[in-house]
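Visitor:
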Amino acid sequence: MISKELDRAGVPVAVISAMYPVAEQVGASRIVKGLRIPHPCGDPSLPPELDAKVRQEIVRTALKALEAEVRTTTTFVPNRSTTA
Amino acid sequence: MFNLIHVLNQFFAGVGGEDKADIPVGIKPGPIGAARGLQEQFGDRARVVATLFFGDNYFHQYPKEALAAALNEARQLQPHVIVAGPAFGSGRYGLACVELCEMFAQALSVPCVTAMHMENPAVGTYRDYHNPKVYLLPTAETAAGMTSALTALAKFACRLGSGANMGSAHDEGYVSRGIRQPVLAQRPGVDRGIDMLLAKCKNEPFLTELPMEAWDQTTPAPAISDLKKATIAVITTSGVVPWGNPDEFRTFRNTYWRKYSIAGVQSMEPGRWEAVHGGYDVSFMNQNPHYGVPLDALRTLEVQRIIAKLHPFYYVVPGNQGAPSVIRRIGQEIANDLLKEGVDASLLVST
Numbered sequence: 043m044i045s046k047e048l049d050r051a052g053v054p055v056a057v058i059s060a061m062y063p064v065a066e067q068v069g070a071s072r073i074v075k076g077l078r079i080p081h082p083c084g085d086p087s088l089p090p091e092l093d094a095k096v097r098q099e100i101v102r103t104a105l106k107a108l109e110a111e112v113r114t115t116t117t118f119v120p121n122r123s124t125t126a
Numbered sequence: 096m097f098n099l100i101h102v103l104n105q106f107f108a109g110v111g112g113e114d115k116a117d118i119p120v121g122i123k124p125g126p127i128g129a130a131r132g133l134q135e136q137f138g139d140r141a142r143v144v145a146t147l148f149f150g151d152n153y154f155h156q157y158p159k160e161a162l163a164a165a166l167n168e169a170r171q172l173q174p175h176v177i178v179a180g181p182a183f184g185s186g187r188y189g190l191a192c193v194e195l196c197e198m199f200a201q202a203l204s205v206p207c208v209t210a211m212h213m214e215n216p217a218v219g220t221y222r223d224y225h226n227p228k229v230y231l232l233p234t235a236e237t238a239a240g241m242t243s244a245l246t247a248l249a250k251f252a253c254r255l256g257s258g259a260n261m262g263s264a265h266d267e268g269y270v271s272r273g274i275r276q277p278v279l280a281q282r283p284g285v286d287r288g289i290d291m292l293l294a295k296c297k298n299e300p301f302l303t304e305l306p307m308e309a310w311d312q313t314t315p316a317p318a319i320s321d322l323k324k325a326t327i328a329v330i331t332t333s334g335v336v337p338w339g340n341p342d343e344f345r346t347f348r349n350t351y352w353r354k355y356s357i358a359g360v361q362s363m364e365p366g367r368w369e370a371v372h373g374g375y376d377v378s379f380m381n382q383n384p385h386y387g388v389p390l391d392a393l394r395t396l397e398v399q400r401i402i403a404k405l406h407p408f409y410y411v412v413p414g415n416q417g418a419p420s421v422i423r424r425i426g427q428e429i430a431n432d433l434l435k436e437g438v439d440a441s442l443l444v445s446t
């Protein structure tokens with residue numbers, strides 16, 4: 043809902059969330075699939091360097107979302123090989 | 096028998112048409128105009144002690160004066176209930192009814208009921224106030240629905256006047272304000288849930304106990320044309336704040352946001368930040384605040400010149416159980432700040 047106000051103001055925003063179905067339902071425009079609710083940007087079960095790579099991939103996916111022209115709710119999925 | 100005031104615009108009070116839309120707040124003893132119809136509906140169950148009226152334009156040109164004058168008149172009469180409208184599809188009239196009801200309910204602690212068409216923009220204002228003493232009934236779009244609207248208002252006003260505990264929007268017939276009322280159910284949740292599921296499987300009607308809010312549509316902001324020139328800000332609802340929670344965020348229902356400096360910070364060290372949030376297990380976030388503010392990744396992208404700059408502040412509100420109207424306001428305030436600071440785009444990390 044915060045994101046929708048940013049969209050209205052003309053500031054593109056990528057929502058990184060593990061609860062992406064909720065973001066889709068609410069009608070956020072650019073959604074990036076996060077890992078888990080308590081840790082959307084990374085995976086604490088991984089060694090720190092891999093965890094950081096996962097985070098890097100999520101943030102890069104978010105940047106791709108910001109570069110993409112979207113007309114309606116669009117969900118972007120980070121590369122699986124790093125987030126599996 | 097109870098006393099009430101009926102609030103009408105100049106037109107429905109019978110004072111005049113658009114040419115009289117500038118008249119200030121006035122009051123006449125007893126029912127006049129549409130209030131006569133309301134009194135007829137009541138019979139001897141209730142008495143319209145006065146009709147309060149205002150010009151549609153006056154109310155919006157001088158809202159403070161109009162509200163003060165209305166309060167002054169109503170206070171002296173000590174009504175048990177206040178009825179405003181029906182306003183049907185009229186935006187000016189509808190908004191005045193909602194604003195007056197809100198003010199009467201707050202200042203006089205009197206239950207108020209208004210009525211209008213569901214597409215009247217004031218219905219949104221009514222919902223945003225979610226005042227437990229103010230009710231709104233749906234009507235037809237035009238005054239052709241006057242009789243049925245007055246019947247519904249009279250019936251509802253009698254319920255209010257009787258001092259009865261009001262039930263849910265569904266049971267009482269008013270428009271939902273999004274207020275959840277705890278009730279004691281006869282059967283456990285699991286039984287009720289399975290009943291609903293079975294009904295759904297059989298294509299039979301069933302009634303949810305937790306209706307979802309209907310969301311409005313937004314047009315997505317245009318894409319970033321050149322990331323290399325873009326300043327990116329991070330917003331988080333994870334509740335990651337400086338250690339010690341200096342602005343005293345609560346774990347739920349926060350009503351404000353803050354921004355904290357990350358200028359020159361290369362990494363979100365555990366022990367310097369903490370997560371304040373009552374909706375999820377914050378232990379991972381406390382061990383590694385990057386899960387909520389991915390600063391390390393963004394600094395790398397900054398060094399690699401994939402983005403021009405990470406904005407030196409990140410924005411936070413712990414996003415647990417926020418009321419939609421409050422969250423919308425917070426979103427607008429953050430958006431304004433981002434624009435003022437020249438931020439081009441943002442990442443919102445949501446837990």
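So the protein lines, in turn, are chains A and B. In terms of the numbering used here, the first sequence has 81 at position 39, counting the first letter as 1, and numbering is strictly consecutive. In terms of the numbering used here, the second sequence has 183 at position 88, counting the first letter as 1, and numbering is strictly consecutive. Ideal placement from N, C-alpha and C gives every residue a C-beta, glycine not left out.
1. How about Val-102 of chain B and Pro-126 of chain B: do their beta carbons lie closer than 8 Å?
2. Classify Phe-465 of chain B: buried if its beta carbon has 16 or more other beta carbons within 10 angstroms, exposed otherwise.
3. Classify Val-229 of chain B as helix, strand or coil using the three-state DSSP reduction.
4. Short check: CB of Ile-274 of chain B to CB of Trp-352 of chain B, under 8 Å?
5. Do you know offhand how far Ser-185 of chain B's Cα is from Gly-121 of chain B's?
6. Please classify Trp-338 of chain B: is it buried, with 16 or more other beta-carbons within 10 angstroms of its beta-carbon, or exposed?
7. Where does Met-96 of chain B land, buried or exposed, given buried means 16+ other C-beta within 10 angstroms?
8. Does DSSP classify Phe-379 of chain B as helix, strand or coil?
9. Name the chain A residues that come within less than 9 Å of Thr-313 of chain B, Cβ to Cβ?
10. Do His-406 of chain B and Glu-428 of chain B count as a contact pair if the criterion is CB distance below 8 Å?
11. For Glu-47 of chain A, is the classification buried or exposed, using 16 other Cβ atoms within 10 angstroms of its Cβ as the cut-off for buried?
12. Please name the residue in B:Gln-136, B:Gln-201 and B:Gly-374 whose C-alpha comes closest to that of Ser-445 of chain B.
13. Sort B:Arg-254, B:Ala-249 and B:Tyr-188 by Cα distance to Glu-236 of chain B and report the nearest one.
14. In chain order, which alpha helix (DSSP H) runs of at least 4 residues are fully inside the segment 343 to 415 of chain B?
15. So the alpha helix (DSSP H) His-101 of chain B belongs to, where does it begin and stop?
16. Would you verify that the beta carbon of Tyr-355 of chain B is, or is not, closer than 8 Å to some beta carbon of chain A?
17. Measuring only between beta-carbons, confirm whether Leu-305 of chain B sits less than 8 Å from chain A.
18. With a cut-off of 8 Å, does the C-beta of Gly-387 of chain B fall near any C-beta of chain A?
19. Give a yes or no on whether the minimum CB-CB distance between Phe-183 of chain B and chain A is below 8 Å.
20. If you draw a straight line from the alpha carbon of Arg-272 of chain B to that of Ile-100 of chain A, how long is it in whole angstroms?
21. Which whole-angstrom value is the C-beta distance of Met-211 of chain B and Gly-180 of chain B, which I expect to be below 8 Å?
22. Three Cβ pairs or more, each shorter than 8 Å: is that satisfied between the segment 104 to 121 of chain A and the segment 408 to 425 of chain B?
23. Using a beta-carbon distance below 8 Å, is Leu-405 of chain B in contact with chain A?
24. Per DSSP, which residues does Ser-445 of chain B bridge with? Please list them.
25. With Arg-131 of chain B as the anchor, note down where its alpha helix (DSSP H) starts and where it stops.
26. Would you mind listing the alpha helix (DSSP H) stretches within the segment 74 to 122 of chain A that are 4+ residues and don't spill past its ends, in chain order?
27. Apply the 10 Å Cβ neighbour rule to Thr-242 of chain B and answer buried if 16 or more other Cβ atoms are within range, or exposed otherwise.
28. When every heavy atom of the ligand MG is checked, does at least one fall within less than 7 Å of the C-beta of Pro-413 of chain B?
29. Taking the alpha carbon of Val-438 of chain B as the point to measure from, which residue in A:Pro-89, A:Val-96, A:Ser-45 and A:Val-53 has its own alpha carbon closest?
30. Anyone know if the C-beta pair for Ala-65 of chain A and Val-55 of chain A falls short of 8 Å?
31. Beta carbons nearer than 8 Å to chain B: which residues of the segment 81 to 100 of chain A have them?
Guide: Inspection of the coordinates gives the following:
1. no
2. What is shown of chain B runs 96 to 446, which leaves residue 465 of chain B out entirely.
3. strand
4. no
5. 20 Å
6. exposed
7. exposed
8. helix
9. Ser-45, Lys-46, Glu-47, Asp-49, Arg-50, Gly-69, Ala-70 and Ser-71
10. no
11. buried
12. B:Gly-374
13. B:Tyr-188
14. 378 to 382 and 390 to 398
15. From DSSP, His-101 of chain B is part of no alpha helix (DSSP H) but of the beta strand (DSSP E) over 97 to 104.
16. no
17. no
18. yes
19. no
20. 38 Å
21. 6 Å
22. no
23. no
24. A:Ser-59
25. 129 to 137
26. 90 to 109
27. exposed
28. Annotation note on the ligand MG: not contained in the displayed structure, which lists no ligands.
29. A:Val-53
30. no
31. His-81, Pro-82, Cys-83, Gly-84, Pro-86, Asp-93, Ala-94, Arg-97, Gln-98 and Ile-100
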